[in-house]
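A.B. asks:
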Amino acid sequence: MPPVTAVKAVACHQPDQVLPVAELPGLAELTEGERETCARLGIDEVRADESLTSFDLALRAARQALAEARLTAAEVGALVLVDARVPETLMSSAATRLQAALGAERALTFSVGGLGCVSLTPALLTARGLLAADGDLDNVLVVHGSKPPTPLRYRHPVTVSGDGGAAAVLGRRGPVRVLDIVQETNGDHWDLFRVEYRDRPTARWREECRDIPQYSFRLAVESRIRLRELYERLLTRNHLTTEDISCHLSHNLSEGTFRFTEEALDVKISPTCADNLRRYGHLGPNDVLLNLRTELDRGGLAEGQRAVLLSASPVAAWSLLLVEAGEGATTHYL
Amino acid sequence: MDTPNGTGAADVASVTEELHAYLSGHLGRALGQDEDYFALGLVNSLFAIELVNFVEQRYGVEVTVDDLDLDHFRTLGRLRDFVLVKTAGRGAAA
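Residue numbers (UniProt numbering), protein chains in the order written: chain A, 1 to 334; chain B, 1 to 94.
1. Give a yes or no on whether the minimum CB-CB distance between B/Ser70 and chain A is below 8 angstroms.
2. With contact counted as at least three CB pairs below 8 angstroms, one residue from each stretch, are the stretch 46–65 of chain A and the stretch 142–149 of chain A in contact?
3. In the structure shown, what three-state DSSP assignment does A/His251 receive?
4. Show which residues of chain A have a CB atom less than 8 angstroms away from the CB atom of B/Phe38.
5. Could you give the first and the last residue of the continuous alpha helix (DSSP H) run that contains B/His72?
6. Could you list the residues in the stretch 222–240 of chain A with a C-beta less than 8 angstroms from some C-beta on chain B, going in chain order?
7. Could you name the residues of chain B that A/Glu263 contacts, counting a contact when the two beta carbons are closer than 7 angstroms?
8. Is A/Phe55 close to chain B? Criterion is C-beta to C-beta, closer than 8 angstroms.
9. For A/His239, is the classification buried or exposed, using 16 other Cβ atoms within 10 angstroms of its Cβ as the cut-off for buried?
10. Round the Cβ separation of A/Thr241 and A/Leu235 to the nearest angstrom and send it over; I've been treating them as touching at under 8 angstroms.
11. Can you name the start and end residues of the alpha helix (DSSP H) that A/Leu102 belongs to?
12. In terms of alpha-carbon separation, which member of A/Leu137, A/Tyr154, A/Gln183, A/Val76 lies closest to A/Leu120?
13. Please report how far the alpha carbon of A/Ala264 lies from the alpha carbon of B/Glu56, in whole angstroms.
14. Which of the three DSSP states, helix, strand or coil, is assigned to A/Gln183?
15. Using C-beta distances below 6 angstroms, list every residue in its chain close to A/Val86, excluding the 5 sequence neighbours before and after it, in chain order.
16. Opposite A/Glu324 in the DSSP bridges: which residues?
17. Across which residues does DSSP place A/Tyr154 in a beta bridge pair?
18. Between B/Glu18 and chain A, is any beta-carbon pair separated by less than 8 angstroms?
19. State buried or exposed for A/Lys8, treating a residue as buried only when at least 16 other CB atoms are found within 10 Å of its CB.
20. If you measure beta-carbon to beta-carbon, which residues of the stretch 181–204 of chain A are closer than 7 angstroms to chain B?
21. Which residue wins for smallest C-alpha separation from A/Cys247, given the options A/Glu196, A/His282, A/Pro25, A/Glu324?
22. Confirm, please, whether the CB-CB distance from B/Leu70 to A/Arg218 is below 8 angstroms.
23. Nearest to A/Leu71 by alpha carbon, out of A/Ser223, A/Asp138, A/Leu27?
24. What's the C-alpha gap between A/Ala317 and A/Phe193?
25. Please list the partners that A/Glu260 has in chain B, where partner means a Cβ-to-Cβ separation under 8 angstroms.
26. Just to make sure I have the definition right: I need the residues of chain B whose C-beta is within less than 7 angstroms of the C-beta of A/Ala167. Which are they?
27. Note down, one range per segment and in chain order, each alpha helix (DSSP H) of at least 4 residues found wholly within the stretch 213–259 of chain A.
28. Could you tell me whether any Cβ in chain B is nearer than 8 angstroms to the Cβ of A/Ala274?
29. Per DSSP, what kind of secondary structure is A/Arg40 in: helix, strand or coil?
30. Output, in chain order, the set of chain A residues within a Cβ distance shorter than 8 angstroms of B/Val61.
31. Three Cβ pairs or more, each shorter than 8 angstroms: is that satisfied between the stretch 199–206 of chain A and the stretch 297–307 of chain A?
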């Protein structure tokens with residue numbers, strides 16, 4: 001049987017500064033329709049601290065996760081940084097910068113990404129692969145610092161992005177086991193949303209949708225089809241039914257997205273997600289880690305209970321994670 | 001489920017009538033056959049899903065990823081043609 005992949009600790013760092021959505025920068029420049037859409041997302045406020053970079057957020061979350069796992073940086077076997085949406089500098093390595101800042105000198109270090117809000121999944125796939133392939137390696141630290149790429153923070157008609165860091169320590173034993181991971185992508189939508197940045201000041205960067213009708217129709221309907229197929233595959237190959245899943249945790253884009261997912265899969269998304277959406281907005285790949293941590297803190301996942309974590313990205317990537325709480329597992333691990 | 005059935009000409013008329021009633025009812029205005037309700041900004045993601053659900057359930061067809069060309073869905077006339085193509089070979093839109 002392949003080694004188990006388990007989550008030893010999850011930590012999230014949110015800046016203290018609160019920015020109400022009604023006070024978002026650039027709101028006055030939007031059309032009335034855009035402002036109405038923004039106000040209906042189900043987001044009251046986000047955390048926003050312009051003095052903290054995505055690297056700062058990642059570092060703080062990483063230190064917190066190590067402390068909660070009771071590990072020193074020297075015990076980190078691998079450090080996997082999920083790339084920031086915008087690098088602070090070109091050519092340099094944020095991953096090895098994080099390695100140095102943590103003092104994780106022994107850690108195998110690199111970054112992954114390329115899938116927008118789904119980029120946590122390649123990091124977890126990497127962690128699982130490393131743990132399975134190298135018996136001497138333990139304690140894979142997965143980290144991401146999430147800041148929106150543009151000053152506006154509102155991505156029409158999708159979401160409002162906040163600031164936040166998240167980190168997870170993965171190993172072979174831990175309070176939450178990762179039972180399975182499925183992921184699909186469709187490259188046809190690789191630039192459905194994008195930020196033009198060359199030859200223009202940062203203040204003029206905007207997250208722009210290449211084709212809103214395509215977003216509203218093709219990606220929405222395709223997401224429904226893909227999520228249904230992925231969900232069915234995930235359950236079938238683990239010999240489970242929907243009744244075996246105690247909790248469904250989504251990424252946090254909008255109230256409408258929660259309803260969309262509930263309708264697509266005929267499941268109920270945990271209220272934890274709407275609570276975090278309201279308080280923190282969208283945190284990119286960190287949403288599902290934040291929701292998992294909150295759900296665990298609230299006691300929403302008891303020993304032996306399973307959860308499915310759902311992520312989707314406008315670059316057309318979809319992934320589902322199947323996890324189980326408690327160390328006394330009865331499930332056969334993949 | 002009571003689905004349109006009969007000759008080809010009757011199918012075109014009944015499918016057109018049903019789709020017109022559905023779209024007009026949900027989008028809050030009467031639509032011409034060539035009016036692009038996506039370009040008019042009348043459709044959000046949730047309604048797009050509802051529309052595909054309606055087509056699948058009413059006409060007993062499966063909309064697959066390969067069918068997701070917006071041109072099949074952007075006007076009443078094109079949606080009617082899509083339904084007729086998907087149900088062709090069964091003798092009627094049933």
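A virtual CB, placed ideally from N, CA and C, is assigned to each residue, including glycine.
C.D. replies: According to the data block:
1. Mapped onto the second sequence, residue 70 of chain B falls at position 70. It should be pointed out that residue 70 of chain B corresponds to Leu in this sequence rather than to Ser. Judged by the 8 angstroms Cβ criterion, B/Leu70 is in contact with chain A.
2. yes
3. Start at 1 with the first residue of the first sequence, and residue 251 of chain A comes out as number 251. DSSP, reduced to helix, strand and coil, places A/His251 outside both helices and strands of the structure shown, so it counts as coil.
4. Within the second sequence, residue 38 of chain B is the residue found at index 38, counting from 1. What B/Phe38 touches in chain A: Pro213, Ser216, Phe217.
5. Counting from 1 along the second sequence, the entry for residue 72 of chain B is found at position 72. Taken as a continuous stretch (DSSP letters only), B/His72 belongs to no alpha helix (DSSP H), as it is neither H nor E.
6. Glu222, Arg224, Ile225, Arg226
7. Sequence index remark: in the first sequence, residue 263 of chain A carries index 263 (1-based). Those within 7 angstroms of A/Glu263 in chain B are Ile49.
8. Taking the first residue of the first sequence as position 1, residue 55 of chain A is located at position 55. No, A/Phe55 does not count as interfacial toward chain B.
9. For this step, residue 239 of chain A is matched to residue 239 along the first sequence. Burial call: exposed.
10. Start at 1 with the first residue of the first sequence, and residue 241 of chain A comes out as number 241. Start at 1 with the first residue of the first sequence, and residue 235 of chain A comes out as number 235. Going by Cβ atoms, the distance from A/Thr241 to A/Leu235 rounds to 6 angstroms, so yes, they are a contact pair.
11. Residue 102 of chain A sits at position 102 when you count from the first residue of the first sequence. Start and end: 94–102.
12. Position 120 of the first sequence holds residue 120 of chain A. The shortest C-alpha separation from A/Leu120 is found at A/Gln183.
13. Counting from one through the first sequence, the residue named residue 264 of chain A turns up at place 264. Counting from one through the second sequence, the residue named residue 56 of chain B turns up at place 56. When rounded, the distance between both Cα atoms is 14 angstroms.
14. As a first step, residue 183 of chain A is located in the first sequence; it is residue number 183 there, counting from the start. Three-state result, A/Gln183: strand.
15. On the first sequence, position 86 is the one that residue 86 of chain A refers to. Only Pro149 meet the Cβ criterion.
16. Locating residue 324 of chain A in the first sequence gives position 324, where the first residue counts as 1. Its beta-bridge partners are A/Arg177, A/Arg306.
17. For the purposes of this step, residue 154 of chain A is taken as residue 154 along the first sequence, with counting starting at 1. Its beta-bridge partners are A/Val160.
18. Numbered from its first residue, the second sequence carries residue 18 of chain B at position 18. No, B/Glu18 does not count as interfacial toward chain A.
19. Position 8 of the first sequence holds residue 8 of chain A. A/Lys8 should be labelled buried.
20. Along the stretch 181–204 of chain A, there is no position whose C-beta sits under 7 angstroms from a C-beta of chain B.
21. Taking the first residue of the first sequence as position 1, residue 247 of chain A is located at position 247. Cα-wise, what sits closest to A/Cys247 is A/Glu324.
22. Counting from one through the first sequence, the residue named residue 218 of chain A turns up at place 218. Counting from one through the second sequence, the residue named residue 70 of chain B turns up at place 70. In contact: A/Arg218 and B/Leu70 (Cβ atoms closer than 8 angstroms).
23. Here the question's residue 71 of chain A lines up with position 71 in the first sequence. The shortest C-alpha to C-alpha distance from A/Leu71 to any of A/Ser223, A/Asp138, A/Leu27 is the one to A/Asp138.
24. Residue mapping note: residue 317 of chain A aligns to position 317 of the first sequence, counting from 1. Residue mapping note: residue 193 of chain A aligns to position 193 of the first sequence, counting from 1. Roughly 13 angstroms separates the two Cα atoms.
25. Taking the first sequence and counting its residues from 1, one reaches residue 260 of chain A at position 260. Here the sequence assigns Phe to residue 260 of chain A, which means Glu is not the residue at that position. Going along chain B in sequence order, the residues near A/Phe260 (Cβ under 8 angstroms) are Ser45, Leu46, Ile49.
26. Residue mapping note: residue 167 of chain A aligns to position 167 of the first sequence, counting from 1. Ordered by position in chain B, no residue passes the 7 angstroms Cβ test against A/Ala167, which lies about 32 angstroms from the chain.
27. 220–237
28. For this step, residue 274 of chain A is matched to residue 274 along the first sequence. A/Ala274 is outside the set of residues whose beta carbon lies under 8 angstroms from a beta carbon in chain B.
29. Translated into positions along the first sequence, residue 40 of chain A becomes position 40. Coil at A/Arg40, not helix or strand.
30. Stepping through the second sequence from its first residue, residue 61 of chain B is reached at position 61. Neighbours of B/Val61 on chain A: none; closest Cβ ~14 angstroms, over 8 angstroms.
31. no
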